[in-house]
Every structure is written in structure tokens, then in C-alpha cells.
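Participant: Supplied in C-alpha cells, the structure appears directly below.
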Ligand SMILES: NC(=O)c1ccc[n+]([C@@H]2O[C@H](COP(=O)([O-])OP(=O)(O)OC[C@H]3O[C@@H](n4cnc5c(N)ncnc54)[C@H](O)[C@@H]3O)[C@@H](O)[C@H]2O)c1
């Protein structure tokens, strides 16, 4: 395929080398004469493992060239990749000026071009950019989106230092566009790459890179904080984190990565507090770990605020134990919300098939008697009556019986879902806690 690549920095240079290696004919574009000259003498614009050889062989086989003439580049290609920089502005916002100028340049190049053109956004951009790029192009070129051209979002996940290998072996290729033709084109570009292709919504593709990089930064800083605590205790932190990473069921896994409600239970809150206290005793600041509890508190507060603003007074809570399939009420996060609602004069109804007050004993009983001594008066045994008496139903546990009853009664009650129930999503007054 004939591909123009706008921006010959890190991502652009790796892209032209790898795309040429896959057999495409590449024309690189940059505002920097120096970078264009480098490429046109068969040299890379960056220092990176294997890239020198790729650019050299691409140049020698005439599959790679570069220019500052953006109109020519658009006219001579079917697909244009946008790989320009998106640095932070002084305020920390992402500066999208280069994206705007390159969109204007592509639009100029499209004027008078007959063939369909696919524009691929490879740079990390703010949600909404795909649409903005498309609008700029439509306005300047007078071409029609989805008819004469289309915009595809295709975020780049390479790591500097391992960029070429990452380019050829990504875990996943993410593509998003309103145009089926555009999706077909991008799949053709990556035909030789074995990774699975995830076709997703544009917003998701635009947001993903921020989430990835934030998580990577979080992992690094989490490991650093653990390392700092371990050093104070004379424990080998590298050995500890190696051991930690061996648990691919709970630690390095999908577990606990689903958005939803606050955590609770008899272990997480207690042990987190204990670790914070160890650090505190050694005069050590661990701000990430130290703020987890605050984040958890806010998750409960957001739910309370939403309920408080709902205008309804009778709140039903389905599931009060700290997680589904247990009767353990210790530090169950929903109980904090229930407590606040009662304090504010709400009528709270509770239904939980696992919680039978006459069977609750030991530490579990002590906890609940301390927290909500009159819990028994809130509990319903009859789910139908529970539904009938509640204007809002908070779903804190999956319950097929409830779904069936709500369906049968064509209920228009407000459903507040904390567990992501596909069944309940279809209801009219459905609200997800953070989806
Ligand atoms: N560097 C990485 O490891 C990496 C990895 C994944 C994604 N990204 C993202 O990819 C994008 C590019 O990053 P980078 O590190 O390659 O940036 P970079 O600063 O190295 O390169 C950007 C290039 O774009 C050129 N440019 C600017 N305006 C132009 C225009 N109007 N026409 C043509 N060229 C123009 C610049 O001269 C520069 O050569 C960013 O959004 C970045 O966040 C970077």
C-alpha cells in the first residue's frame, strides 16, 4: 500500500521503517528539513535498536522516502498516518496544535484528489479528536467524511528502547472508525502483524493510551513505595516483588480491574491501614498507598450524593455483605452508605439472601451490632415486598430473581447498579455507578 507518515520523530521513524519492512511504500513528512534529509540519506531520525537497518534497507529498496511537501505526500498515498507530537501545555493539558496543523495540511493535499483517502491517528490524542480532525478536513478540503475520506483511530503502544519489536509484536492492535472502509484499510496495512485486532468505539480507542500509561506509572510508583518500606524493614524488595508477580491469579491478572463500587471486607481495609502505619512509624511518605483509602471513601460518597440527589426517599439495597456469595458484613462498604442514608432520614430497605441475622456470629456479629444495631428492622425476607416498598434499588449483588420480577412487572423504578448487570442495563431508569 502507499502510505504517507506525518511526523518523523520517534513514532513516525519507527513506523516508516516497520511499514516498509512489511512491504508498503512509504513517504515520510516532517516540517524539519533535517529529519527529512536524514531519511533521504537512509538514516533514522532517532537512536533505537534495529531501526538503522530498517531505514537503510527501506531507503535502498526505494520503499522509503521523505519530504516537507505535504500536498504531494497526500496525493501520492492512499493512507496517511498522523504521528506528530502531542506534548503537555504549561497547564498540563495536551497540546493539540500539531494535530490541528497536520489535519489542515492533509486537507490541503486532499483538494482535487479523486481517490478515497484514509487518515489514521497514531498519536496519543484527547477524546473527541477523531471527530475534530474529520471536521477540519471537511471544512478545508470540501470533501465529504465517509464518502471521500475517513478518519481511523489507531493508538500506538510501542516502548522506546524496544520500539521495533513492540511494533511488530503488539499485544493487541486497536482500531476505531465510523467508516467500515477505513477499518478494512487499516486491517490491510497490518495484515502481516499477528496480534488480534480489537475494533472498538472511537472514544474507547482515544482514551485507552492514557489509561495504559497511567497504569504503568502507577505500577512503577507502587513498586517504588513498597521498595522504600521494605528497605526500612531490611527486607529485599526486589525479591519480594518478584514473588508478588508470581501470583497471576490475583496480583498480575484481570482480577480487581473492573470499575464498580468501593472495596471492603475483613482483610483489605485492615491490612492497607497496617501497611500505612508501618510506613508512618518509619517517618516514610507513601502517597499512593496512603491515598487508596481516601479514593475508596470517595467512591462511597459519590453513591450517597447521587442517591441524595435522586429526589427519592425509599431506598432498597439488594446485597449488603462485602461481596456476593458471603454473609460477611465486616467493613462492607455499602453499610457506610446505608448508615448515612438513615442518618439523613431515608427509609432504607435491605434484601440479602445470604444474611440471616439469627445465624450471624462472632466478629461478624460484633461488627454489625456496632455499626447498625437495628439492622434486623431493615431486612426483608420477601423480595416482592422489598421491591414494592423501594423507589430506588441499589444492586450490590447479582440476583436473577430480582431481574425476573422487575421484567415481569415492567418496572420503571430507578436501578442503581454497582455490579454491572447486563440484564438490568436494558431497564428504562437504569444507572451504572461508573459506566
Ligand atoms: N515516543 C513514544 O514512545 C510514544 C509511544 C506511543 C505513542 N506516542 C505518541 O505518539 C505521538 C508522537 O510521539 P513522538 O515521540 O514520535 O513525537 P516526536 O516529538 O518525537 O515527533 C513528532 C514529530 O512531528 C513533527 N511535526 C510536527 N508538526 C508537524 C507537521 N505539521 N507536519 C509534519 N510533521 C510535523 C515534528 O517535527 C517531529 O519530528 C505523541 O502523541 C506521543 O504521545 C509516543
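In my numbering, the protein residues as written are 1418 to 1852. We treat Cβ as the ideally placed atom computed from N, Cα and C, and that holds for glycine.
When you measure from the CB of residue 1675 to every non-hydrogen atom of ligand 1, does any distance come out below 7 angstroms?
Facilitator: Not so, every heavy atom of ligand 1 lies at least 7 angstroms from the Cβ.
Participant: Just the C-alpha distance for residue 1860 and residue 1555, rounded to the nearest angstrom, thanks.
Facilitator: This structure cannot speak to residue 1860, because the chain is shown only from 1418 to 1852.
Participant: So who's on the other strand from residue 1815, going by DSSP bridges?
Facilitator: According to DSSP, which records beta bridges pairwise, residue 1815 is partnered with nothing at all.
Participant: Figure out for me which residue from 1451, 1500, 1650, 1475 has the closest Cα to the Cα of residue 1429.
Facilitator: Taking only the C-alpha atoms, the option nearest residue 1429 is 1500.
Participant: Relative to ligand 1, what is the chain-ordered list of residues with a Cβ closer than 6 angstroms to any of its non-hydrogen atoms?
Facilitator: Cβ atoms closer than 6 angstroms to ligand 1 belong to 1423, 1424, 1425, 1426, 1427, 1428, 1429, 1446, 1447, 1448, 1449, 1452, 1500, 1501, 1502, 1503, 1515, 1518, 1519, 1522, 1540, 1541, 1573, 1575, 1577.
Participant: Distance, Cα to Cα, residue 1424 vs residue 1479?
Facilitator: Approximately 19 angstroms between the Cα atoms of the pair.
Participant: What's the call for residue 1470, buried or exposed, on a 16-neighbour Cβ count within 10 Å?
Facilitator: Looking at its Cβ environment, which holds fewer than 16 other Cβ atoms inside 10 Å, residue 1470 is exposed.
Participant: Kindly indicate which three-state DSSP category residue 1496 falls into: helix, strand or coil?
Facilitator: It is a strand residue.
Participant: Less than 8 angstroms between the beta carbons of residue 1765 and residue 1732, yes or no?
Facilitator: In this structure, residue 1732 lies closer than 8 angstroms to residue 1765 by Cβ.
Participant: Where does residue 1680 fall in DSSP's three states?
Facilitator: Residue 1680: coil per DSSP, three-state reduction.
Participant: Spell out a yes or no on whether the stretch 1452-1468 and the stretch 1506-1524 are touching, meaning 3 or more CB-CB pairs, one atom from each, closer than 8 angstroms.
Facilitator: The stretch 1452-1468, when compared against the stretch 1506-1524, does not touch it at the 8 angstroms Cβ threshold.
Participant: Spell out a yes or no on whether the stretch 1589-1602 and the stretch 1555-1567 are touching, meaning 3 or more CB-CB pairs, one atom from each, closer than 8 angstroms.
Facilitator: Cβ pair count under 8 angstroms is three or more, so yes.
Participant: Measure how close the beta-carbons of residue 1383 and residue 1420 come, nearest whole angstrom, since I'm counting them as under 8 angstroms.
Facilitator: Any answer about residue 1383 is impossible in this case: the structure gives the chain only from 1418 up to 1852.
Participant: Taking Cβ positions, are residue 1689 and residue 1709 nearer each other than 8 angstroms?
Facilitator: Against a cut-off of 8 angstroms, the Cβ pair of residue 1709 and residue 1689 comes out as a contact.
Participant: Does the stretch 1532-1540 come close enough to the stretch 1570-1589 that 3 or more CB-CB pairs lie under 8 angstroms?
Facilitator: Touching, yes.
Participant: Could you spell out where the alpha helix (DSSP H) holding residue 1518 opens and where it closes?
Facilitator: Residue 1518 -> alpha helix (DSSP H) spans 1514-1527.
Participant: Cutting at 6 angstroms between CB atoms, please list the residues of its own chain near residue 1786, excluding the five before and the five after it.
Facilitator: For residue 1786, where only same-chain residues beyond five positions count, there are no Cβ hits under 6 angstroms.
Participant: Below 8 angstroms on the Cβ atoms is my contact criterion, and I expect residue 1444 with residue 1475 to pass it. Report the Cβ-Cβ distance as a whole number of Å.
Facilitator: Actually they are not in contact, since the Cβ atoms of residue 1444 and residue 1475 sit about 11 angstroms apart, beyond 8 angstroms.
Participant: Pick helix, strand or coil for residue 1834, following the three-state DSSP scheme.
Facilitator: Residue 1834: strand per DSSP, three-state reduction.
Participant: To the nearest angstrom, how far is the alpha carbon of residue 1713 from that of residue 1680?
Facilitator: Approximately 7 angstroms between the Cα atoms of the pair.
Participant: Using a 10 Å radius around the Cβ and a threshold of 16 neighbouring Cβ atoms, would you call residue 1558 buried or exposed?
Facilitator: Classification for residue 1558: buried.
Participant: What does a CB cutoff of less than 6 angstroms around residue 1541 pick up in its chain, not counting 5 residues either side in sequence?
Facilitator: If we look at residue 1541 and ignore the five residues flanking it on each side, its Cβ neighbours are 1503, 1626.
Participant: My guess is that residue 1735 and residue 1814 are in contact by the Cβ rule of under 8 angstroms, so how many angstroms apart are they, rounded?
Facilitator: Residue 1735 to residue 1814, Cβ: 6 angstroms. Contact.
Participant: In angstroms with no decimal places, state the Cα-to-Cα distance between residue 1631 and residue 1594.
Facilitator: Rounded to whole angstroms, residue 1631 to residue 1594 spans 24 angstroms at the Cα level.
Participant: Looking at C-alpha atoms only, which residue of 1725, 1742, 1833, 1603 is the closest neighbour of residue 1756?
Facilitator: Among 1725, 1742, 1833, 1603, the Cα nearest to that of residue 1756 is on 1725.
Participant: Tell me residue 1420's beta-bridge partners as DSSP assigns them.
Facilitator: BP columns for residue 1420 point to 1443, 1496.
Participant: Candidates 1745, 1489, 1641: which alpha carbon is nearest residue 1696's?
Facilitator: The option with the nearest alpha carbon to residue 1696 is 1641.
Participant: What does the alpha-carbon distance come out to for the pair residue 1777 and residue 1583?
Facilitator: Answer to the nearest angstrom: the Cα atoms are 54 angstroms apart.
Participant: Label residue 1578 either buried or exposed according to how many other C-beta atoms from any shown protein chain fall within 10 Å of its C-beta, with 16 as the threshold for buried.
Facilitator: By the 10 Å Cβ count, residue 1578 comes out exposed.
Participant: Ends of the alpha helix (DSSP H) at residue 1934?
Facilitator: Within the shown structure, residues of the chain are numbered from 1418 to 1852, placing residue 1934 beyond reach of any answer.
Participant: Going by Cα to Cα distance, which pick from 1721, 1831, 1738 is closest to residue 1806?
Facilitator: Residue 1806 has its Cα closest to that of 1831, out of 1721, 1831, 1738.
Participant: Using the C-alpha atoms, what's the distance from residue 1738 back to residue 1678?
Facilitator: Taking the straight line joining both Cα atoms gives about 13 angstroms.
Participant: Under a Cβ-count criterion, where at least 16 other Cβ atoms within 10 Å of its own Cβ denotes burial, should residue 1652 be classed as buried or exposed?
Facilitator: So residue 1652 counts as exposed.
Participant: With DSSP as the reference, identify every bridge partner of residue 1809, one or two as the case may be.
Facilitator: DSSP lists 1732, 1831 as partners of residue 1809.
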